[in-house]
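A.B. asks: Handing you a structure now.
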Amino acid sequence: MNAQIIERTGSAYVASGERRIVHRTTGQAHGSIRRLMSPGDLGEVVKPFVFLDLFEARSEFMGSMAIHPHSGLATVTVLTEGDVRFDDPSSGQGTIGYGGVEWMRAGGGVWHGKEMSRGSSPSVQGFQLWVALPPELENGPVDSQYIEAGDMPSVGPAHVILGEYGGRRSPVRSVDGTTYLLVTLKRGETWTFTPSKDQSVAWLGVARGSLDAGETVVATEMVVFDQGSDAITLTAGNERDAVFVIGSAIPHPHDLVTGYYSVHTSEAALEAGEANIAAIGQRMKRSGAMEQSGAVPIFR
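Position 130 (the sequence shown) corresponds to 130 in this note's numbering; numbering is contiguous.
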């Protein structure tokens, strides 16, 4: 496991009924991206959540990424600051800012990386999350959505990005049994996250500010809570508002079999996904999509 991940063994006193932090990490920074979780480390602990990046950069960053493939997983991108533009044949044009979402279920294989472009803000900050898919979807059809903030439900300080929370359901076509929220708490504000009883996996990642979660969690940190169904009470620090994502899920009962950009449940599924990725890549080269400038819709 990554040496920067600290495992807690329960030495600190925790009141009955409270969720204890059992892992925490600041990940590894690579330029504008801080990788907080990968399938080979905390992804094994909190699967189906298997990968988490926190990015912060000038807005040009959104159009500078290389086109790359995925299979066997879904990607979820939310912004904690700034905005970006999307231009997609099936979703139309629009802006994704705080509270909006880009969702892509890679299924049997896609290439992407330039589907969003610079918005009106000079800089952006946000999270990209990967979610492992079950066997019936990991080599299945591709699906993608771009949903603006005004079309996303909220419950108190939380925007419901995936799943259902507080009686409000996200329009994102995600797998049942997963909840993912984008939350801002004002300075000193206390909020309690109550997961579904069957969603025993829980974690959070902080973009700005700090939280008291039994222990202090600061910006650029990700923490994992012990498995269970108890609520998690969080209080924002007094220095500034706290902006973070929090997720819970039914544990993913499958192995994580990984390629460079793919996550599957078996070697056979990975082989099928990577073969399809290679075939799509050849079609992209013949069409000239690899060299296309500006926004490029996902290629499936």
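Positions of the beta carbon are idealized from the N, C-alpha and C atoms, including for glycine.
Mind the definition here: the stretch 81 to 96 touches the stretch 249 to 258 only if three or more C-beta pairs lie below 8 Å; say whether that holds.
C.D. replies: As far as the Cβ criterion goes, the stretch 81 to 96 does not touch the stretch 249 to 258, which means the pair count is below three.
A.B. asks: How many Å lie between F51 and V224 at the Cα?
C.D. replies: Each residue's alpha carbon lies about 13 Å from the other.
A.B. asks: With DSSP as the reference, please indicate the residues paired to Q357 in a beta bridge.
C.D. replies: It is not possible to answer for residue 357, since the shown part of the chain is limited to 1 through 300.
A.B. asks: Here's the rule: buried if 16 or more other CB atoms are within 10 angstroms of the residue's CB, otherwise exposed. What is G288?
C.D. replies: So G288 ends up on the exposed side.
A.B. asks: From this set, S262, Q28 and S120, which residue's C-alpha is nearest R85's C-alpha?
C.D. replies: Ranking S262, Q28 and S120 by Cα distance to R85 puts S120 first.
A.B. asks: Would you list, in sequence order, the uninterrupted alpha helix (DSSP H) runs of no fewer than 4 residues that lie entirely inside the stretch 35 to 68?
C.D. replies: Runs of the alpha helix (DSSP H) inside the stretch 35 to 68: 42 to 46.
A.B. asks: Can you tell me whether DSSP reads M284 as helix, strand or coil?
C.D. replies: Three-state result, M284: helix.
A.B. asks: So, at 8 Å on beta carbons, what are the nonlocal neighbours of I161 in its own chain, with the 5 sequence-adjacent residues on each side left out?
C.D. replies: The residues are V76, V78, V101, M152, S170, V172, Y180, L181, L182 and V245.
A.B. asks: When the Cα of E307 is compared with those of K285, M284, A278 and A272, which residue comes out closest?
C.D. replies: Examination of residue 307 is not possible in this model, given that the chain is present from 1 through 300 alone.
A.B. asks: Taking buried to mean at least 16 other C-beta atoms within 10 Å of its own C-beta, is M1 buried or exposed?
C.D. replies: Interpretation of M1 is limited by its pLDDT of 40, a score under 50 that renders its predicted location unreliable; the figure taken from the coordinates is listed afterwards. Exposed.
A.B. asks: Report the option in G177, D176, W191 and P134 whose CA atom is closest to the CA atom of G156.
C.D. replies: With distances taken between Cα atoms, G156 lies closest to W191.
A.B. asks: Which residues mark the beginning and the end of the beta strand (DSSP E) in which E115 is found?
C.D. replies: Taken as a continuous stretch (DSSP letters only), E115 belongs to no beta strand (DSSP E), as it is neither H nor E.
A.B. asks: Pull up the distance between the alpha-carbon of L129 and that of F49, whole angstroms please.
C.D. replies: Taking the straight line joining both Cα atoms gives about 7 Å.
A.B. asks: Between which residues of its own chain and T233 is the CB-CB distance below 6 Å, once the five residues before and five after are set aside?
C.D. replies: These residues qualify, in order along the chain: T192.
A.B. asks: Spatial neighbours of W269 within its chain, please: CB distance less than 8 Å, with the 5 preceding and 5 following residues excluded, ordered by chain position.
C.D. replies: Contrary to the premise, residue 269 reads as Ala rather than Trp in this sequence. Cβ within range, chain order: G72, P135, E138, N139 and V257.
A.B. asks: Confirm, please, whether the CB-CB distance from S154 to Q199 is below 9 Å.
C.D. replies: No, they are not a contact pair.
A.B. asks: Exposed or buried, K47, counting other C-beta atoms within 10 Å across all chains shown (16 or more means buried)?
C.D. replies: The residue in question, K47, is buried, as its Cβ has 16 or more Cβ neighbours within 10 Å.
A.B. asks: Here's the rule: buried if 16 or more other CB atoms are within 10 angstroms of the residue's CB, otherwise exposed. What is E239?
C.D. replies: E239 is exposed by the Cβ-count criterion.
A.B. asks: Take H252 as the anchor and find which of G27, A231 and G43 has the nearest alpha-carbon.
C.D. replies: Per the Cα distances, G43.
A.B. asks: Mind checking which residues open and close the beta strand (DSSP E) that includes E81?
C.D. replies: Unbroken beta strand (DSSP E) run through E81: L73 to E81.
A.B. asks: State the DSSP-derived secondary structure class of L162, mapped to helix, strand or coil.
C.D. replies: DSSP places L162 in strand when its eight states are reduced to three.
A.B. asks: What three-state label does DSSP hand R19 in the structure shown?
C.D. replies: In the structure shown, R19 sits in coil (DSSP, three-state: anything other than H, G, I, E or B).
A.B. asks: When you compare each of G31, A213 and K197 to E189 by their alpha carbons, which one comes out closest?
C.D. replies: The shortest C-alpha separation from E189 is found at A213.
A.B. asks: Can you give me the C-alpha to C-alpha distance between R286 and H112, rounded to a whole angstrom?
C.D. replies: Each residue's alpha carbon lies about 16 Å from the other.
A.B. asks: Skipping 5 residues on each side, what residues in its chain have a beta carbon closer than 6 Å to that of L185?
C.D. replies: P157, W191, A236 and A242.
A.B. asks: Give the secondary structure of D88 by DSSP, where H, G and I count as helix, E and B as strand, and everything else as coil.
C.D. replies: The answer is strand: DSSP assigns D88 an E or B state.
A.B. asks: Express the C-alpha separation of L133 and I250 in angstroms, rounding to a whole number.
C.D. replies: Each residue's alpha carbon lies about 12 Å from the other.
A.B. asks: Apart from the five residues just before and just after Q227, which ones in its own chain have a Cβ nearer than 7 Å to its Cβ?
C.D. replies: Excluding positions up to five away in sequence, the list reads S200 and V201.
A.B. asks: Compute the Euclidean distance between the alpha carbons of Q125 and G82, then round it to the nearest angstrom.
C.D. replies: In a straight line, the C-alpha of Q125 is about 7 Å away from that of G82.
A.B. asks: Out of curiosity, what's the CA-to-CA distance linking H23 and G209?
C.D. replies: Cα-Cα distance, rounded: 19 Å.
A.B. asks: Per DSSP, what are the beta-bridge partners of D241 in this structure?
C.D. replies: Answer is none; D241 lacks a bridge partner.
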